[in-house]
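First the structure, in the form of structure tokens, and then the observations on it.
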Amino acid sequence: MAPKVISSYPPDRWIRTLNQRYPNLWMELKKSYDDPNLPLSPAGKTLLAAVPDWCVMPTMFPCIYLSIKNGEVFYLTHMDELMTIASMYTWRCSKGVYRFAPEIYQALINQPLTGDLPMESLHHLPEWAVYIETPGLSYERHPMKGFIAHLDFNLYSRSTDLQFAMFLEGREDPRMVALPFGEGSLLDAMDRVDQLDNMFTNDVHRIRYVGSRDEYRATFTAMLQLLLYLCSEEPDMPAIQHPSARRTLSGSVRAPREPQVWDVGVRVSRFIREYSSSSNSVEYRGGSHASPRPHIRSAHWHTFWTGPRKEQFPIRKPVVKWIPPIPVGVDWKNDLPTNVKEVG
Numbered sequence: 064m065a066p067k068v069i070s071s072y073p074p075d076r077w078i079r080t081l082n083q084r085y086p087n088l089w090m091e092l093k094k095s096y097d098d099p100n101l102p103l104s105p106a107g108k109t110l111l112a113a114v115p116d117w118c119v120m121p122t123m124f125p126c127i128y129l130s131i132k133n134g135e136v137f138y139l140t141h142m143d144e145l146m147t148i149a150s151m152y153t154w155r156c157s158k159g160v161y162r163f164a165p166e167i168y169q170a171l172i173n174q175p176l177t178g179d180l181p182m183e184s185l186h187h188l189p190e191w192a193v194y195i196e197t198p199g200l201s202y203e204r205h206p207m208k209g210f211i212a213h214l215d216f217n218l219y220s221r222s223t224d225l226q227f228a229m230f231l232e233g234r235e236d237p238r239m240v241a242l243p244f245g246e247g248s249l250l251d252a253m254d255r256v257d258q259l260d261n262m263f264t265n266d267v268h269r270i271r272y273v274g275s276r277d278e279y280r281a282t283f284t285a286m287l288q289l290l291l292y293l294c295s296e297e298p299d300m301p302a303i304q305h306p307s308a309r310r311t312l313s314g315s316v317r318a319p320r321e322p323q324v325w326d327v328g329v330r331v332s333r334f335i336r337e338y339s340s341s342s343n344s345v346e347y348r349g350g351s352h353a354s355p356r357p358h359i360r361s362a363h364w365h366t367f368w369t370g371p372r373k374e375q376f377p378i379r380k381p382v383v384k385w386i387p388p389i390p391v392g393v394d395w396k397n398d399l400p401t402n403v404k405e406v407g
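Offset between the sequence shown (1-based) and my numbering: plus 63.
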């Protein structure tokens, strides 16, 4: 018998570890989550009834289910592990691995996060959960291999969170951190994390991350920029079928056997690299004046007005549109190189 090949992708390896520790875990979770006669208290059933359709499985549900099955002491001794299960359940529906080309990756992780970026834009992820590789990023001063991100419904606050599962060097299980949405922008959400720390900690107690808040915010700013690009209009990546399109009549989604790797920004990065290294930008597009080098414009708001010009508000109304991180100076139809795939 040939030896089993160990997956090179951290979330796939963690799923296989969970399979060994909890036989039939995924089937049990789906059956129990879909069962209206769950052995929950009336309050627990009320909590589940409030879960919106876009949420595949709330992070707290596996904790509740396995606590009922194995006892409260089991939850207390296995809490860190149990908190990872819903993220793995959601990601395994598609097992999408997103690998950014270097130039667009660096442009995105180095740009600042503005105060007007709406959290609602993250409802447009290409899959329920995505795994993004993160060369050069770190969390709590440990190199980060990559992270899973997905929208989560907080059963207790009844609000939306952005759930992160970060895979760090030297650690098998992912480090879980949730970014609460609430009202306002993505910067407001990060401010709320700081406010919670201020409420529950003081100079003596350890805050929930190692290092300075500037380090924490720089890491999460980078991760959010990568996510925002995946949610942007017409990102430079292959067309990806959302896992909801593969639902069976029973409501289940068959998990792929192996991770599906998606290259992001290959054409844009190649274009930026070629023109950035050119010493003759004046000849770009053949104009008589120097054209700006291709670059990535930071995400920003664009406001325009609707209604007759002679009218006043509220008949003439402002409309705010979010413009995602996009390449500037790129003729998408004519300037981007064509992807060529050799067929043997």
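Every residue, glycine too, gets a C-beta built ideally from N, C-alpha and C.
- Counting C-beta atoms within 10 angstroms of its own C-beta, Met286 has 16 or more neighbours from the protein chains shown and is therefore classed as buried.
- In the three-state reduction of the DSSP assignment, Pro206 falls in the strand class.
- Linking Lys208 to Gln169 through their CA atoms gives a straight-line distance of about 16 Å.
- The C-beta distance from Cys294 to Ser157 rounds to 16 Å, too long to meet the 8 Å contact threshold.
- For Pro206, the closest alpha carbon among the candidates Thr197, Arg162 and Ile148 is that of Thr197.
- Distance from the CA atom of Ala318 to the CA atom of Tyr152, rounded to whole angstroms, is 10 Å.
- At a Cβ-Cβ threshold of 8 Å, Pro125 and Leu92 count as neighbours.
- A Cβ-Cβ distance of about 14 Å is found for the pair Val331 and Arg162, leaving them out of contact under the 8 Å criterion.
- DSSP, read as helix, strand or coil, puts Ser184 in helix.
- Spanning the alpha carbons of Ile211 and Gln288 requires a straight line of approximately 14 Å.
- When only Cα atoms are considered, Thr140 and Pro73 end up about 23 Å apart.
- With a beta-carbon spacing of about 11 Å, His213 and Ala241 fall beyond the 8 Å limit used to define contacts.
- In the three-state scheme derived from DSSP, where H, G and I count as helix and E and B as strand, Asp143 is classed as helix.
- In this structure, Glu203 lies away from Gly159, with their beta-carbon atoms at least 8 Å apart.
- Taken in chain order, the complete beta strand (DSSP E) segments of 3 or more residues contained in the stretch 222–264 are 222–231 and 238–243.
- Shortest Cα-Cα distance from Pro115 to any of Val329, Ile195 and Asp215 involves Asp215.
- Between Met120 and Ala164, the C-beta spacing is not below 8 Å.
- Beyond the five residues adjoining it in sequence on each side, Ile167 comes within less than 6 Å, by CB distance, of Gly328, Val331 and Ser332 in the same chain, given in chain order.
- Straight-line spacing of the CA atoms in Phe227 and His187 works out to 16 Å.
- Annotated three-state conformation of Ala113 is coil, per DSSP.
- Taking C-beta atoms as the reference points, Leu180 and Leu101 fail to come closer than 8 Å.
- If you draw a straight line from the Cα of Arg280 to the Cα of Gly245, it is about 18 Å long.
- Counting along the chain, Ala192 sits inside the beta strand (DSSP E) bounded by residues Ala192 to Glu196.
- Taking the C-beta atoms as reference points, Leu250 is found nearer than 8 Å to Leu176.
- In the structure shown, Leu176 falls within a coil segment according to DSSP collapsed to helix, strand and coil.
- If you ignore the 5 residues before and after Asp326, its C-beta comes within less than 6 Å of the C-beta of Arg162, all in its own chain and listed in chain order.
- Within the same chain, and ignoring the five residues on either side of Trp77 in sequence, the residues whose Cβ sits closer than 8 Å to its Cβ are Thr147, Met151, Phe230, Glu235, Asp236 and Pro237.
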